[in-house]
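In the working numbering, the protein residues as written are 765 to 883.
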């Protein structure tokens, strides 16, 4: 007995039947969004001026985008040492090695913004 599986795309914005999946990248993150032809056109129109003014780098794959994001967001050893020292002084628990939580990093950045505004 034959079996047919049908996949129907739904527009992620409107909930209508989608015509296509649009892939785009922003800040090193690759996104896929299912859109009607109209919504896809709107998205392309929004990006058109920016794309025309920007430099074409290359077509990103999801794995290269993840790799580039990791490299670009990795903190320097000096920066992580400063965050750890500040966090301990501020009463946060951080390990000597490994990833520093986003919460602690955000608190460090906010504290430094506050200090910069005062100084």
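Heads up, the beta-carbon is just placed ideally off N, CA and C, and yes, glycines get one too.
Please read all numbers here as calculations on a predicted model, not as lab measurements.
| query | result |
| --- | --- |
| Assign residue 795 to one of two classes, buried (16 or more other C-beta atoms within 10 Å of its C-beta) or exposed (fewer than that). | exposed |
| Determine the burial state of residue 851: buried for a count of at least 16 other Cβ atoms within 10 Å of its Cβ, exposed for fewer. | buried |
| Taking 7 Å as the threshold (C-beta atoms), are residue 775 and residue 766 in contact? | no |
| Whose CA, out of 842, 871, 843 and 863, lies closest to the CA of residue 855? | 871 |
| Have a look at residue 862 and residue 874 and give me their C-alpha separation to the nearest angstrom. | 22 Å |
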